[in-house]
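So the sequences go chain by chain: A and B.
Counting with the working numbering, you get residues 6 to 668 for the letters of the first sequence.
Counting with the working numbering, you get residues 1047 to 1306 for the letters of the second sequence.
See structure below.
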Amino acid sequence: MHRIGVFVCHCGSNIAATVDVERVSNALAHEPGVVHSVNYQYMCSENGQQLIKNAIKEHNLSGIVVCSCSPRMHEATFRKTAEAAGLNPYMVEIANIREQCSWIHKDVEEATEKAIVLARTAVAKLTLNKPLVAGETGVTKRALVIGGGIAGIQAALDIADAGYEVDIVEKNPTIGGRMAQLDKTFPTLDCSACILTPKMVDCAQHEKINIYSYSEVDKVKGFVGNFKVTIKKKARYVDETKCTGCGVCMTNCPSKKGLNSFNMDLNTRPAIYIPFAQAIPNVAVIDPEQCIKLKSGKCGLCSMKCGANAIDYKQQDSFVEREYGAIVVATGFKPISLENFNEYGYADNKDVITSLELERLMNAAGPSKGTLVRPSDGEHPHVITFIQCVGSRDVSGCGKPYCSKICCMYTAKHAMLIREKYPDTQVNVFYIDVRTPGKNYDEFYRRAVEQYGVNYIKGMVGKVYNENGKLMVQGSNLIDNEQVTIASDLVVLATAIEPDPSVKDLATKLTISIDTNNFLTEAHAKLKPVECATAGVYLAGVCQGPKDIPETVAQASAAASKVIGLLAKDKLKGNPCVAHANEMTCTGCSQCAEVCPYGAITYENKEFRIGGGKTEKRRVASVNPAVCQGCGACTVTCPSGAMDLHGFSSAQILKEVEAICKR
Amino acid sequence: MVFSYYPGCTLKNQAKDLDIYARKSAQALGIEIKEIDEWQCCGGVYTSSPDDIAPRLSSIRILAKAKENGGKLVTICSACHNVIKRVNDDMKNNADINLRANNFMQLEERYNGETAVLHYLEMLRDEVGFDNIKKAVKNPINKKIGAYYGCLLLRPNGVMAFDNPENPTIIEEFIKAIGGTPVVYPFRNECCGAYASLKNKPLADKKSSAVLSSAKGHGAEMVITACPLCYYNLKRSGEDLPVIYFTELLAKALGVDGDE
């Protein structure tokens, strides 16, 4: 005999303003199986939960229906409440009368009617609920960090310092990421390399950290606590264990015309190279597209000169399979391509550069050894014009609709550094708005304007063209309400940033969702900013949304603390709402396994008695409950109806439909 | 190949050259362009008010007629092309405008944007092919020529879909096809002054002479355009650089520019 309790929440006025909660609880009191029905102001509050607990005990309830907000919000809360009162947590059903009712209706009569139907539906389902017990799985005490920029480095160091093993997978030959390319960092103007490279060295020397550089994630299997990841180590044609990073190979390589991607292609590098002096690992790599030996078989100079005998032209891509309990995604960003922005003449004029190119031009280890010169003729530029929001806040479809967040600050930094180092230079900045929220950020920008005399012009630029060697920047000055044309020697485009393109493929492998701008989606915009909808996967850095270094580091540490919290557990409770096959009706047709996105279904040949003392062997489906995520794809695919889902059985769903249709 | 042809009012008056040489060239290239019967004004300027149905009606009449006659409409005047193409887009994609316009017009068959609107240049590129024009050229125009696009052919890019609005190439390709050397200069897609020339002549002159001096500075011996308004503004700006309709140059190259 069912003894069901119904608890209707007002949610302050969120529900009660549109739904007559009194009528709902009264109506439900007369439903078959319901022995107790009440309403209360805030069911999720401590008092509300106590009210539920008391009722469970007092009325000896066999199950409860809470009419409140979305189950995504508080189902877990009320399951815990029920469990504390001795009820199986899966004997709890939520009727969502807020998001799916009070919030979307205006008419009280209509909304109340609908709330009653939704509550009846939940009661109907509950009559078929069975107590479920979640299984337990172990936890592999090792974390994987994908991406070796500042986000990945920080996350790895934090996790490793807590005593857990961490592997960093970095697609480039060295860790360090974008931050390694920067010259100075805002708002304190400390040297980027000076604060980053010690952290890179810490990673290399940490006994708990293992770096897979020049490697990519190839396959991901498994689930929270038990991921199995195949890592592809790309052939670098250099034996990592032998190379000492002496650089003799680089000086002897005759093929020196490769574009130096670390310097944003502003100068060249040899076919065998170490990206920069402080690279971690400090190991050379050969670009197979550029290497004469690999392309034509002739040369081999680097091998002859290498004292460590580290060159291996026959090296192939290799694969390593590793197990992890948790994964941090920190794949970072790249500046957008400027092909949609012909008005700025980037492709046609060498002296129109991006901000990241300017970082390299101003860096002491850059192509011009830190002396700011025009890429076209090596002359010192006397008038420099910055254009902000190139591709950011752009709803025309050419760029990105979002604010890239870092550009206002780094442009102020560039302008200030140039005025400091070259006071004879006139610096102009075209901007839409200057956005500087952040500790000491607005002060920083004001310093650029007031102390350093940077000429900020509110307005956008329509065209940059070359006239007799000068770059004419034609724009509008909205404050003075006039068209201006500024003859400049160098034009710097504050280019929008976007997630690294590798993230799309990775999102598919990790079954994490991605938004329209290719940023990875966190589990909750406010309350779960580093978690993913996929358990055990965490986000750090720009792969989740535009952010600067301080925010990236904070998010990376947050992701690390989540990972540490997960790895500290010896056992993880699973989700008991998983699929199971009825072996009596299963025909072994394999259709369920084909649709299962998690690879949870296998088949076995089982012996069944068929009467008359005889047996027969049949192929039947078997679900691994630890891998199944309860998505239900198999249950709707199964032609014989043998697949069913605990907690969401076909019978339960039909019972719900029946309740909705019954008037 | 048969196309419906809409010349528009200016091509019957001030810009007769644009029309005459277009017809002669088409004939030389083996294309029949058939002027639509009893055509009316395109509307002049595209109305940016979505509630305004009346200024769209004459364009819809043109489009509906072209639909009956094969479904491909060729225009030349940049302004007409801009108006007709945008109204066509409204009829295809704006359910509200479509409904109200059709309700008012009571055509035998409702018009839903079925007609393909082609600029003469697009017809040359996509239907004839610049390679075929190259083969048909009898008198290659051996000159340095600046293409002047103006704004109406290029923008709004989403609807016009004519060429890259910041870095167009179609007229340069055309110039190569007739044997000329295209001069790429930065002001080829800047404003000529447009209708400012009615009220503020000095402003229009400033804009137009910036265009021509930029072309001249980059070595152009002449500038070609498809727009009667641009032609008017450029001509009166006072710069001494020849401005010619592109069709006239085409006819010259094809050897059909003489009086027959």
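Idealized CB from N, CA, C, for every residue including glycine.
Between threonine 132(A) and arginine 125(A), what straight-line distance do the alpha-carbon atoms span, to the nearest angstrom? 11 Å
Is glutamate 384(A) near the ligand FMN, in the sense that its beta carbon is under 7 Å from a heavy atom of that ligand? Absence of the ligand FMN is noted for the structure shown, with no ligands found whatsoever.
First and last residue of the beta strand (DSSP E) that includes isoleucine 173(A)? 170–174
Nearest to alanine 1068(B) by CA position, among Leu1170(B), Cys1276(B), Arg1156(B), is which residue? Leu1170(B)
Return helix, strand or coil for glycine 570(A), following the three-state DSSP convention. helix
Quick check on the burial criterion: 16 or more other C-beta atoms within 10 angstroms. Buried or exposed for glutamate 384(A)? exposed
Should the segment 444–452 of chain A be called in touch with the segment 474–487 of chain A, which here means at least 3 C-beta pairs below 8 Å? no
Could you tell me whether the segment 579–597 of chain A touches the segment 623–632 of chain A, using the rule of 3 or more Cβ pairs below 8 Å? yes
The segment 244–262 of chain A contacting the segment 275–285 of chain A, beta-carbon criterion three pairs below 8 Å: yes
Which residues in chain B sit within 7 Å of lysine 468(A), going by Cβ to Cβ distance? Pro1232
With distances taken between CB atoms, is the gap from tyrosine 436(A) to asparagine 522(A) smaller than 8 Å? no
Can you pull the chain B residues whose beta carbon is under 7 Å from the beta carbon of glutamate 348(A), in chain order? Glu1212
Quick check on threonine 142(A): does DSSP put it in helix, strand or coil? strand
Going along the chain, which residues of its own chain have a beta-carbon closer than 8 Å to the beta-carbon of phenylalanine 191(A), five neighbours each way excluded? Met414, Tyr415, Ala417, Lys418, Tyr446, Phe449, Asp553
Exposure label - alanine 4(A); buried when at least 16 CB within 10 Å: Outside the modelled stretch of chain A, which goes from 6 to 668, sits residue 4(A), for which no answer is possible.
Find out if the Cβ-Cβ distance for the pair tyrosine 219(A), proline 178(A) is shorter than 8 Å. yes
Identify whether methionine 477(A) lies in helix, strand or coil by the three-state DSSP scheme. strand
At a Cβ threshold of 8 Å, is lysine 339(A) touching chain C? Of the chains in the structure shown, none is chain C; the protein chains are A and B.
Which class does glutamate 1(A) belong to by DSSP, given the choice of helix, strand or coil? The structure shown has nothing for residue 1(A), since chain A only spans 6 to 668.
Given a cut-off of 8 Å on the beta-carbon distance, is the pair isoleucine 9(A) and isoleucine 69(A) in contact? yes
Cα-Cα separation between valine 395(A) and leucine 1199(B), rounded to whole angstroms: 25 Å
Assign alanine 656(A) to buried or exposed, taking buried as 16 or more other Cβ atoms, counted over all protein chains shown, within 10 Å of its Cβ. exposed
Residue range of the unbroken alpha helix (DSSP H) whose run includes aspartate 407(A): The question names aspartate, but residue 407(A) in the sequence shown is tyrosine. Per DSSP, tyrosine 407(A) belongs to no alpha helix (DSSP H) and is neither H nor E.
Relative to the alpha-carbon of threonine 1293(B), which residue among Asn1128(B), Arg1234(B), Arg1107(B), Ala1193(B) has its alpha-carbon at the smallest distance? Ala1193(B)
Three-state secondary structure assigned by DSSP to isoleucine 1210(B): What sits at residue 1210(B) in the sequence shown is asparagine, not isoleucine. Of the three classes helix, strand and coil, the one that applies to asparagine 1210(B) here is coil, per DSSP.
Compute the Euclidean distance between the alpha carbons of isoleucine 1217(B) and alanine 1299(B), then round it to the nearest angstrom. 15 Å
For threonine 390(A), which option in Thr539(A), Arg327(A), Glu348(A), Val466(A) has the closest C-alpha, if you only look at C-alpha atoms? Val466(A)
Rounded C-alpha distance that separates alanine 1207(B) from valine 1163(B): 11 Å
Judging by CA-CA distance, which residue of Val662(A), Arg147(A), Phe324(A), Gly474(A) is the nearest neighbour of aspartate 353(A)? Gly474(A)
I'd like the list of long-range same chain contacts for proline 386(A), defined as Cβ closer than 6 Å, with 5 residues on each side in sequence excluded. Arg379, Asp494, Leu495
Quick check: valine 5(A) and alanine 120(A), are their CB atoms within less than 8 Å of each other? Nothing about residue 5(A) can be read from this structure; chain A reaches only from 6 to 668.
Do you know offhand how far glutamate 1306(B)'s Cα is from aspartate 1063(B)'s? A caution first: glutamate 1306(B) carries a pLDDT of 49, below 50, which makes its placement in the model too unreliable to give a value.
Can you give the Cα-Cα distance for glycine 140(A) and asparagine 93(A), rounded to whole angstroms? 14 Å
Would you say the segment 346–360 of chain A touches the segment 314–331 of chain A, given that touching needs at least three Cβ pairs under 8 Å? no
Endpoints, the alpha helix (DSSP H) within which tyrosine 217(A) is located: Here tyrosine 217(A) belongs to no alpha helix (DSSP H); instead the beta strand (DSSP E) covers 214–217.
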